[in-house]
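Here is the structure we will look at.
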Amino acid sequence: MMALAAPWVGPGDARARYEAVKSADRGASDRTFTTWPVMWPNIEKKAGYLNFEYDKTGAPDSRAEMTIAGQTETPFVSGFEPVLSGDGRVAFTAQWQWDRWAVGVSGSGIADEDDNQSVRADGSYVATTLGNWVLGAGQIDRWWGPGWHSSLILSNNARPIPAFFINRSDARAPSSDWLSWIGSWDFTMMAGQLEGRRAQPDAKYLGMRLTFRPVSGLDIGLSRAIIFGGRHRPESGSVTFDALIGRDNSQDGADQDPGNQIAAVDVRYGWEAFGQTVGLYAQMAGEDEAGAFPARKSWLFGVDATSQWFGAEQQWYAEYVNTVADDLFGDALPNVTYEHFQYRSGYNHFGRAIGSSFGGDSKALTLGGYHFLPGGEEVSATVSLADINVDGSARVVTPGNEIFYFVPQSRTKTTIVGLGYATHLFNGWLQLRAQLQDKEIEFVSGARDRWSLGGQWTYRF
């Protein structure tokens with residue numbers, strides 16, 4: 003079940019993604035689904051789960067929901083479905099949607115929080131539609147890339163960054179004969195600010211992503227993310243322009259270095275096979291710009307497939323991620339990915355990586371699957387064979403002990419198992435999750451238990 007998010011389908015709902023991507027791989031939809039949120043005009047919702055969710059969350063109306071959650075420990079690793087932060091949570095969300103406007107107000111109280119924020123507004127937003135564009139502001143989750151378990155550039159592993167944003171509403175292909183070869187295309191841009199309690203307080207975050215589908219089944223994505231400015235750092239228009247064009251690496255001296263930037267390219271090709279679908283995908287991200295192409299590269303490769311067995315539907319994937327810069331096709335450069343000499347708290351937000359939850363200097367192979375039952379219940383499982391922080395060092399600077407940084411302190415080879423079950427309960431939706439590791443991981447902020455058990459119940463009014 004997806005969270006209330008009127009103009010779009012947000013990340014975190016594996017069943018919605020399964021149905022949308024499967025429809026595209028079969029050729030029933032010509033839209034690309036590697037950028038989340040996905041605006042509702044791009045979703046094929048003739049029947050089934052997506053039609054049900056559109057009636058519940060996407061059609062103009064007013065809605066509300068309450069969530070009660072608890073867990074023994076905040077998990078280290080997350081995938082397309084985000085982790086719960088803190089040991090307990092009570093949240094209330096109200097949403098109003100009209101023809102052109104949508105407003106969501108979400109307030110939550112957190113017990114034993116990891117970031118010294120016991121009251122939050124994550125999930126709140128205001129948005130309006132102007133022509134074929136959605137403009138808004140808020141704190142909403144995002145996922146950029148084809149991966150099921152990791153995104154190298156922007157995932158929902160960290161808390162959502164408060165930002166202004168613009169999204170194309172309907173990603174239909176250009177009508178011009180000169181541009182029709184692009185196929186359906188989508189664009190999103192966000193401009194926000196990171197937390198104040200970091201080595202470089204109040205740093206700005208700028209992200210943008212373009213995706214297009216030149217032929218059926220082929221999705222291509224281009225992304226940029228820039229951390230710049232902040233207290234005692236230049237934020238002028240010229241500095242922002244230098245960052246946008248990739249003029250980095252202290253070409254004008256350390257004091258004028260425009261910021262920490264990441265660029266990424268991803269490709270996915272999906273097709274129908276024996277009545278089901280198969281997809282191959284890859285993502286490459288570079289820490290810096292070398293001319294017009296990313297350098298110091300990290301990589302992600304994966305394959306996904308669907309099936310229908312035992313009267314139910316399944317989504318499977320196998321995914322490999324390597325965030326040791328240039329390790330795969332060159333000489334390894336440790337302490338590069340997600341790190342920066344000026345922005346010493348790294349590519350993190352409230353202590354968690356904005357990109358892959360495994361963090362920098364890590365390698366992991368993950369096998370995962372979802373089992374979607376006809377009655378709406380879901381079963382999920384993942385197994386990750388991970389080599390965490392292969393260099394064995396951590397240079398991230400933490401601002402005291404108010405925020406727990408999920409940045410590994412030393413090298414750890416571990417197996418991480420995740421299990422999940424979701425079902426209807428008391429006219430609401432119950433989610434149970436567990437994550438277990440065979441070895442304890444020592445983080446820069448301290449150690450955590452090797453296992454985490456949690457549950458969340460949501461009721462829609």
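The numbering used here applies: residue 3 is where the sequence shown begins, and numbers increase by one. Just so it is clear, CB atoms sit at the ideal spot from N, CA and C, and this is done for glycine as well. Predicted model, so just to flag it, every value in this text is computed and none were measured.
Check: Hey, how far is the Cα of residue 346 from the Cα of residue 202?; Outcome: 7 Å
Check: Suppose the cutoff is 7 Å on Cβ atoms and the five residues either side in sequence are ignored; what does the same chain contact list for residue 455 look like?; Outcome: 73, 74, 436
Check: Do you know offhand how far residue 278's Cα is from residue 153's?; Outcome: 25 Å
Check: Residue 172 and residue 53 look like a contact to me (Cβ under 8 Å); what is the Cβ gap, rounded to whole Å?; Outcome: About 18 Å separates the two Cβ atoms, so there is no contact after all.
Check: CA-CA distance, residue 66 and residue 429?; Outcome: 14 Å
Check: Using CA atoms only, rank isn't needed, just tell me which of 199, 205, 115 is closest to residue 235.; Outcome: 205
Check: Taking only the alpha-carbon atoms, compute the straight-line gap between residue 254 and residue 431 and give it to the nearest angstrom.; Outcome: Because the pLDDT at residue 254 is just 49, under 50, the model does not fix this residue reliably, and the value given afterwards should be weighed accordingly. When rounded, the distance between both Cα atoms is 55 Å.
Check: Short of 7 Å in beta carbon distance, which residues of its chain neighbour residue 395, apart from the five on each side in sequence? Order them along the chain.; Outcome: 337
Check: How would you call residue 310, buried or exposed, if buried means at least 16 neighbouring beta carbons within 10 angstroms?; Outcome: exposed
Check: Assuming residue 370 contacts residue 150 under a Cβ cut-off of 8 Å, what Cβ separation, rounded to an integer in Å, is found between them?; Outcome: 6 Å
Check: On a Cα-Cα basis, can you pick out the residue from 140, 136, 183 that is closest to residue 168?; Outcome: 136
Check: Residue 203: beta carbon under 7 Å from a heavy atom of the ligand NAP?; Outcome: In the structure on display, the ligand NAP does not appear, and there are no ligands present to speak of.
Check: Is there contact here, the stretch 401-417 with the stretch 208-216, by at least three beta-carbon pairs under 8 Å?; Outcome: no
Check: Would you kindly report the start and end of the unbroken alpha helix (DSSP H) that includes residue 78?; Outcome: From DSSP, residue 78 is part of no alpha helix (DSSP H); its letter is neither H nor E.
Check: Here's the rule I'm using: 16 or more other beta-carbon atoms within 10 Å means buried, otherwise exposed. How should residue 442 be labelled?; Outcome: exposed
Check: Would residue 218 pass as a contact of residue 32 if the rule is Cβ separation under 8 Å?; Outcome: yes
Check: If we count the other Cβ atoms within 10 Å of its Cβ and call it buried at 16 or more, is residue 20 buried or exposed?; Outcome: buried
Check: With a cut-off of 8 Å on the beta carbons, I'd call residue 303 and residue 327 a contact; round off their distance for me.; Outcome: So it is not a contact: roughly 16 Å between Cβ atoms.
Check: Which residues does DSSP pair with residue 357 in a beta bridge?; Outcome: Partner(s): none; residue 357 has no beta bridge.
Check: Using a threshold of 8 Å, state whether the C-beta atoms of residue 422 and residue 386 are closer than that.; Outcome: no
Check: Could you give the DSSP three-state label for residue 186: helix, strand or coil?; Outcome: strand
Check: Residues in its own chain within less than 7 Å of residue 160 by CB, not counting five upstream and five downstream?; Outcome: 350, 351, 352, 354, 355, 356
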